[in-house]
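Asker: I'd like to ask you about the structure that follows.
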Amino acid sequence: MFLARILRTTALVTAVATLTSGAALAQKTYDTGATDTEIKIGNIMPYSGPASAYGIIGKTEEAYFKMINDKGGINGRKVSFVSYDDGYSPPKAVEQVRKLVESDEVLAVFNPLGTPSNSAIQKYLNAKKIPQLFVATGATKWNDAKNFPWTMGWQPSYQSEAQIYAKWLLKEKPDAKVAILYQNDDFGKDYLKGTKDGFGAKASSMIIMEESYEVSEPSIDGHIVKIKAANPDVLLIYTTPKFGAQTIKKTAELSWKPLQIITNVSASVGSVMKPAGLEASQGVLSAAYAKDGADPRWNDDPGMKKWAEFLDKYVPGADKTDSSVVYGYGAAQTLAKALEQCGDNLTRANLMKQAASLKDFTPDTLLPGIKINTGPSDFAPISQLQMQRFKGEKWEQFGEILSGDVAPE
Amino acid sequence: MELFTNQVLAGIATGAIYACMALAVVMIYQAIDHLNFAQGEMAMFSTFISWQLMQWGIPYWAAFILTLALSFIAGIAIERILFKPLAKAPILTNVAGFIALFAIINSSAGLIWDFTIKQYPTPFGSAPFLGSQLISTHQAGMIGVTVLLLLGLYFFFQYTRIGLAMRAAASVPESARLVGINTSWMIALGWGMATAIGAIAGMLIAPVVFLEPNMMGGVLIYGFAAAVLGGLTSPFGAVVGGFLVGVFENLAGTYIPGVGNELKLPIALALIISVLVVKPAGLFGRHIVKRV
Amino acid sequence: MSAVEEVVTEAPAVEAVPKRAMTLGTGTSLLVLAALIIMPIFVKNFIIFQMTMLLIYGLAVLALNILTGGSGQFSLGQSAFYAVGAYTTAVLMEHFEVNYALTLPIAGIVCFGFGFLFGQPALRLSGVYLALATFALATAMPQLLKLNFLEHWTGGVQGLVVTKPDAPFGLKMSQDMWLYYFSLVVVIGIYLLAVNLLRSRSGRAFMAIRDNEIAASAMGVDVALYKTLAFGVSAAITGIAGSLGAIAVQFVAPDSYTITLAVSLFLGMVVGGVGWLPGSIVGAAFIIFVPNIAEGISKGLSGAVFGVLLFLVIYLVPHGARQVAILGQQLAGKLRKN
């Protein structure tokens, strides 16, 4: 079934490509990092340091390409996945990416994690014309094909997600008094900006409080107490998982029941909602683009079955409730798709071109109805989300699929 | 006014976390005359062990006691195996050793139990305490345990032979050796006790901040700050320091306009430094006169 | 718990290193210099970049060495000075279009002032208390850089991208190679200045304070002045290292200058040998390359491997690279006699 689809798409792509680029495809063209037998892909991840929780993404991706190789590779070529640790430090990221490019000679740098690290390497990779493909951060600036034609995002941007929440609130609770709790870094500030943009003229009247916290704080209970004193009826939780769980737990302990909306980043059932307490989590809202690995609803879903089989065989012992495992699989599958579309023309330019011509592609792990679409000026692969509400032990999606593309300034 | 009381109460609740950690910091300082940068990670590892024991079906209090015993032994083992050989090395080399230990424990815990946060049970429940929603029964229990621990330590250091010997070994090692104290083993004992107290701190903190390998990073900074503010030689001072830091940090975040919230940690630290400038040994520390 | 006074004879935190033992002999120095000059011609740009970072971190470790090895004051806050230097350069280059070379002395002066001021309250503190105060500075710095009202200049959480300079005078040289030689000149210049400083009257004052503060003040050394001066000089050199770092990495952001950097620099000093200036470069090599080696051994356990390697180093040579150098010297001396 899967193979049939690959064959079909390859055939289709070849047909389309032949039409557009004529005879160019007949001969094999390579850039550094690709040969008849191998495609070399580089990656950097915080395997150590404060963001080491995300290291599992790199491990999942590595395992994914091992699976691809076991199945014969991509168009007959094995993928060699080189991943280095940057410890979430921008100077180290520059060093490691330069090592990937100049010493390991990779074709492209794929899914490097973190806004600071990606900001640090963006200029270098663009100057060298090396794809910085499907970066693992939701900042808006990765969707900027005009100024940075070699950089492309993957997940929905933080700002577009925040706009979706703001617009939903405008429609459903136009008189809400909104408090925002956000992490004082690029991530939290993007959400803050998206929310304000979404509220538009009503931002100043609806947002009654903006409270930030630092990642280094052990507990953010004090902030919650302070927010409660302002008595808002909506609490937007723009936090990373640990603090998201603390917030939900603390509001419940205070017997305070505002309408809570938590970012997609922290919507994991296994690593946020369950630790926070299922009872406390009832009714919390969020938005999603991927399926939750802990949700029994997907037990019979063909995509998630493949995902689970892959995990059992290639990442034994992986925590299926960790959304990073779902994330890494989806991102790796997207890269595999783009590489497959390249056919025998494995130049960096063609890889960018193929990555920018994904049409209605659906990795196994995306929610039904959410599709990846890119174009020459649309470098935001996933830009759809669906609202969801936490009920029982899982998220229940509701409403239509929303699109929230935000153009960078 | 209500906001003020609330923030003070919330500060006391958070301060209990710092106080707990600060006690462990004072304990090790009493034994080795230095701060151990790996202490937070050791506490984290102990907490993971207790969690693992409970996952295997051992009830809370049994796991608690077992973890204390294991931590005590592990602390002694770490001192005997890793740091005794460095006894003659310069102090800064020992500090590098603490940093190495930090890296080893943090990374191993991540590999064994991974980095997703885990729920950690509390024996006290999390209902509102005495009708106040700001302090839960868990936090009240935590304050209670901290006070008990404090009393225990006070009697240990003030009235037991071994406690007195330990203090002597840390502050005047040569004289202590002359009166027949085995200073080397006193240090090991100090490590054991500090690790066990750290384990208690970890197990009390985990229900609030959730269990994960990086859970103690921030706590240790505050624990150091609290211990230094109160005086590194005084368990009582450390606990008071913990509560002061917690309350002050919350008040700074709430009432200093503009940058208060963003900078509450730097403001709290700046205050501690100004206290130190006036009282170099901390609020309750013994003043030490240096001899040429 | 009354305020009983205890009287102790405190062992100095830092060993007394005689000033002549703080440097390398002329022959060895020239050999190292020649290697540093020739090396880039034979290696890839990436290696040149790593060598540049090696020089930069070496300079920062050297600065800490002057403070700790020279004057006996301990700092876990060097990352703060490094950050101030880096941001000074980034802001001047990107907002005011100042030439990169000119930003270095400016960063140095700014950091000197900053360090000198910080040295004032630090005067009253020593040992663990000073460690905590500097540690506080290091944790506060990233938060200060994020402040809203500075965002226009610092780029806030997003940081600033810095343009890498081309080689001047139409030299046919890659940007990396030019920056390497530029850094090399700066580093050698500062190294020579540092060596001379420690051999001067001020240097003797630093060391007197390090070995025994009370005795030093009895001898008429203005302890307060020299202690703050040591902080200022150390901060200025760290700031210049930060400037070079910003140009080499082409990016500054609050996340680049966390406490991890300060801890790394501290480890570099210990591994290189406290008080032995040439050891700074060995220490820098340790903090740049050993994490990479650890990662190569095990990705999941890279932190643990790093810790084990660090333990091995401090067991074998508790006094750092200096111990190796002394052993080497003794060996060479014996050979010469035979």
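Protein chains in written order, with our numbering: chain A, -9 to 399; chain B, 46 to 337; chain C, 287 to 624. The beta carbon of each residue, even a glycine, is placed where N, CA and C say it ideally should be.
What is the DSSP secondary structure of residue 343/C, counted as helix, strand or coil?
Answerer: Position 57 of the third sequence, counted from the first residue, corresponds to residue 343/C. Note: residue 343/C maps to helix in three-state DSSP.
Asker: Using a beta-carbon distance below 8 angstroms, is residue 113/A in contact with chain C?
Answerer: Along the first sequence, one-based indexing puts residue 113/A at 123. By this cut-off, residue 113/A is an interface position.
Asker: Could you please tell me which residues of the region 249 to 273 of chain B, in chain order, have their CB closer than 8 angstroms to any CB of chain C?
Answerer: So the close ones are 266, 269, 270, 273.
Asker: Taking Cβ-Cβ distances shorter than 8 angstroms, what residues in chain C pair up with residue 113/B?
Answerer: The residue labelled residue 113/B in the question sits at position 68 within the second sequence. Ordered by position in chain C, no residue passes the 8 angstroms Cβ test against residue 113/B, which lies about 25 angstroms from the chain.
Asker: Using the Cα positions of residue 266/B and residue 354/A, report the straight-line distance between them to the nearest angstrom.
Answerer: Indexing the second sequence from 1 puts residue 266/B at position 221. Indexing the first sequence from 1 puts residue 354/A at position 364. Taking the straight line joining both Cα atoms gives about 43 angstroms.
Asker: What are the residues in the region 419 to 445 of chain C lying within 9 angstroms of chain B by C-beta distance?
Answerer: Under the 9 angstroms Cβ criterion, the region 419 to 445 of chain C contributes 419, 421, 422, 423, 425, 426, 427, 429, 430, 432, 433, 434, 435.
Asker: Residues in the same chain with beta-carbon distance under 7 angstroms from residue 380/C, minus the five sequence neighbours each way, listed in chain order, please.
Answerer: Counted from its first residue, the third sequence places residue 380/C at position 94. Taken in chain order, the residues that qualify are 446, 448.
Asker: Can you determine whether any heavy atom of the ligand NAD sits closer than 7 angstroms to the C-beta of residue 174/A, and answer yes or no?
Answerer: No copy of the ligand NAD appears in this structure; indeed no ligand is present at all.
Asker: On the DSSP bridge list, what partners appear for residue 581/C?
Answerer: If you number the third sequence from 1, residue 581/C lands on position 295. In DSSP, residue 581/C forms no bridge with anything.
Asker: By the three-class DSSP mapping on this structure, what secondary structure does residue 246/C have?
Answerer: Within the shown structure, residues of chain C are numbered from 287 to 624, placing residue 246/C beyond reach of any answer.
Asker: Would you say residue 318/A reaches chain B, if we count a Cβ-Cβ gap shorter than 8 angstroms as a contact?
Answerer: Walking along the first sequence from the start, residue 318/A turns up at place 328. False, the Cβ-Cβ gap to chain B never drops below 8 angstroms.
Asker: In whole angstroms, give me the CA-to-CA distance for residue 246/B and residue 541/C.
Answerer: By 1-based counting over the second sequence, the position of residue 246/B is 201. By 1-based counting over the third sequence, the position of residue 541/C is 255. Roughly 29 angstroms separates the two Cα atoms.
Asker: Taking only beta-carbon positions, decide if residue 410/A is within less than 8 angstroms of chain C.
Answerer: Nothing about residue 410/A can be reported from this structure: the residues present for chain A run from -9 to 399 only.
Asker: I'd like to know whether the C-beta of residue 23/A is nearer than 8 angstroms to at least one C-beta of chain C.
Answerer: As a first step, residue 23/A is located in the first sequence; it is residue number 33 there, counting from the start. So, not an interface residue.
Asker: With DSSP collapsed to three states, give me the class of residue 276/A.
Answerer: Against the first sequence, residue 276/A aligns to sequence position 286. Here residue 276/A sits in strand by DSSP.
Asker: Residue 205/B: buried (16+ other C-beta within 10 angstroms of its C-beta) or exposed?
Answerer: Here residue 205/B corresponds to residue number 160 of the second sequence, with the count starting at 1. Exposed.
Asker: Can you find at least 3 beta carbon pairs, one from the region 146 to 160 of chain B and one from the region 574 to 594 of chain C, that sit closer than 8 angstroms?
Answerer: Taking 8 angstroms as the limit for Cβ pairs, the verdict is that the region 574 to 594 of chain C does touch the region 146 to 160 of chain B.
Asker: Tell me whether residue 382/C is buried or exposed, calling it buried when 16 or more other Cβ atoms sit within 10 Å of its Cβ.
Answerer: Here residue 382/C refers to the residue found at position 96 when the third sequence is read from its first residue. Counting Cβ neighbours within 10 Å, residue 382/C comes out exposed, since fewer than 16 surround it.
Asker: By the three-class DSSP mapping on this structure, what secondary structure does residue 75/A have?
Answerer: Translated into the one-based positions of the first sequence, residue 75/A becomes position 85. The answer is strand: DSSP assigns residue 75/A an E or B state.
Asker: Helix or strand or just coil, what does DSSP make of residue 97/A?
Answerer: By 1-based counting over the first sequence, the position of residue 97/A is 107. The answer is coil: DSSP assigns residue 97/A none of H, G, I, E or B.
Asker: According to the neighbour-count rule (16 or more other Cβ atoms, all chains shown, within 10 Å of its Cβ), is residue 50/B buried or exposed?
Answerer: For the purposes of this step, residue 50/B is taken as residue 5 along the second sequence, with counting starting at 1. The residue in question, residue 50/B, is exposed, as its Cβ has fewer than 16 Cβ neighbours within 10 Å.
Asker: From which residue to which residue does the alpha helix (DSSP H) around residue 212/A run?
Answerer: Here residue 212/A refers to the residue found at position 222 when the first sequence is read from its first residue. Residue 212/A -> alpha helix (DSSP H) spans 211 to 219.
Asker: Which bits of chain C does residue 328/B rub up against, with CB to CB less than 8 angstroms?
Answerer: For the purposes of this step, residue 328/B is identified with residue 283 of the second sequence, where counting begins at 1. Those within 8 angstroms of residue 328/B in chain C number zero; the least Cβ separation is about 11 angstroms.
Asker: Starting from residue 268/B, trace the alpha helix (DSSP H) both ways and give me its first and last residue.
Answerer: Position 223 of the second sequence holds residue 268/B. From DSSP, the alpha helix (DSSP H) with residue 268/B extends over 261 to 275.
Asker: Taking residue 96/B as the reference, which of 135/B, 251/B, 326/B has the closest Cα?
Answerer: Your numbering for residue 96/B matches position 51 in the second sequence. Looking at the Cα atoms, 251/B is the closest of the given residues.
Asker: Using 8 angstroms as the limit for Cβ to Cβ distance, is residue 278/A near chain B?
Answerer: Position 288 of the first sequence holds residue 278/A. By this cut-off, residue 278/A is not an interface position.
Asker: State yes or no: is the C-beta of residue 143/B within less than 8 angstroms of the C-beta of residue 82/B?
Answerer: Position 98 of the second sequence, counted from the first residue, corresponds to residue 143/B. Position 37 of the second sequence, counted from the first residue, corresponds to residue 82/B. Yes, Cβ-Cβ distance for residue 143/B and residue 82/B is below 8 angstroms.
Asker: Do residue 404/C and residue 109/A have their beta-carbon atoms positioned less than 8 angstroms apart in this structure?
Answerer: For the purposes of this step, residue 109/A is taken as residue 119 along the first sequence, with counting starting at 1. For the purposes of this step, residue 404/C is taken as residue 118 along the third sequence, with counting starting at 1. The answer is no: Cβ separation not under 8 angstroms.
Asker: Which term fits residue 14/A, buried or exposed, when burial requires 16 or more other beta carbons within 10 angstroms of its beta carbon?
Answerer: Position 24 of the first sequence holds residue 14/A. Its pLDDT being 46, under 50, residue 14/A is placed unreliably by the model, and the measurement read from it follows with that caveat. Classification of residue 14/A: exposed, given that the 10 Å Cβ count is below 16.
Asker: Do the region 89 to 107 of chain A and the region 29 to 37 of chain A touch if we need at least three Cβ pairs shorter than 8 angstroms?
Answerer: Taking 8 angstroms as the limit for Cβ pairs, the verdict is that the region 29 to 37 of chain A does touch the region 89 to 107 of chain A.
Asker: Where in the region 530 to 607 of chain C do unbroken runs of the alpha helix (DSSP H), each at least 4 residues long, occur, reported from the N-terminal end onward?
Answerer: Those alpha helix (DSSP H) runs which fall completely within the region 530 to 607 of chain C and span 4+ residues are 545 to 558, 565 to 583, 588 to 602.
Asker: For a cutoff of 8 angstroms on Cβ pairs, would you count residue 281/B as touching chain A?
Answerer: Taking the first residue of the second sequence as position 1, residue 281/B is located at position 236. No, because no Cβ of chain A sits closer than 8 angstroms to the Cβ of residue 281/B.
Asker: Report the rounded CA-to-CA distance for residue 123/A versus residue 184/A, giving the unit in angstroms.
Answerer: The sequence position of residue 123/A within the first sequence is 133, counting from 1. The sequence position of residue 184/A within the first sequence is 194, counting from 1. Answer to the nearest angstrom: the Cα atoms are 24 angstroms apart.
Asker: Please determine, among 534/C, 569/C, 559/C, 503/C, the residue with the shortest C-alpha to C-alpha distance to residue 608/C.
Answerer: Your numbering for residue 608/C matches position 322 in the third sequence. Taking only the C-alpha atoms, the option nearest residue 608/C is 559/C.
Asker: Within 8 angstroms, do at least three Cβ pairs link the region 389 to 402 of chain C to the region 368 to 380 of chain C?
Answerer: Cβ pair count under 8 angstroms is three or more, so yes.
Asker: How many angstroms separate the CA atom of residue 256/A from the CA atom of residue 311/A?
Answerer: Working through the first sequence from its first residue, we reach residue 256/A at position 266. Working through the first sequence from its first residue, we reach residue 311/A at position 321. C-alpha separation (whole angstroms): 12 angstroms.
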